[in-house]
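Numbering-wise (the numbering used here), the sequence shown opens with residue 108 and increments by one.
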Amino acid sequence: VINHKLDLPELQGEVDEISIKKCQEASLRLKRPVFIEDTCLCFNALGGLPGPYIKWFLEKLKPEGLYQLLAGWEDKSAEAICTFAY
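Structure, rendered in structure tokens:
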């Protein structure tokens, strides 16, 4: 197993669809079969957002902004989902 850090596009869609598309893109770039891992963070108060868009949310809002976004909600629980594709 060889680790390659690729800057893959932040796609829109369902978690499974995004992982499949990222896996296909990585395989095309590296010209070999690949495993990819993609992480989502889903806050219950936000109806599952930001989900697969957590990287974009953190880039734009920073952790402090994400905290402020949740400030008005009593429920700050979240689920982290790691998806792997081959």
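Virtual Cβ for every residue (Gly too), placed ideally from N, Cα, C.
Nearest residue (CA-CA) to residue i, options the options
i, options, result
"Ser134", "Glu181, Phe164, Asn110 and Gly120", "Asn110"
"Gly179", "Ala152, Leu113 and Trp163", "Ala152"
"Glu181", "Asp123, Phe150 and Val122", "Phe150"
"Asp114", "Lys129, Gly120 and Glu121", "Lys129"
"Leu156", "Glu132, Ala185, Gly172 and Glu166", "Ala185"
"Leu118", "Thr146, Gln175, Leu177 and Ala187", "Thr146"
Start-to-end residues for the alpha helix (DSSP H) that takes in residue i
i, result
"Ala192", "Premise fails: Ala192 lies in the beta strand (DSSP E), Ala185 to Ala192, not in any alpha helix (DSSP H)."
Three-state class that DSSP yields for residue i in the structure shown
i, result
"Glu121", "coil"
"Gly172", "helix"
"Ile109", "coil"
"Glu181", "coil"
Start-to-end residues for the beta strand (DSSP E) that takes in residue i
i, result
"Phe150", "Ile143 to Phe150"
TODO: Assess, as a yes-or-no matter, whether the stretch 173-193 is touched by the stretch 141-150 under the definition of 3 or more beta carbon pairs within less than 8 Å.
DONE: yes
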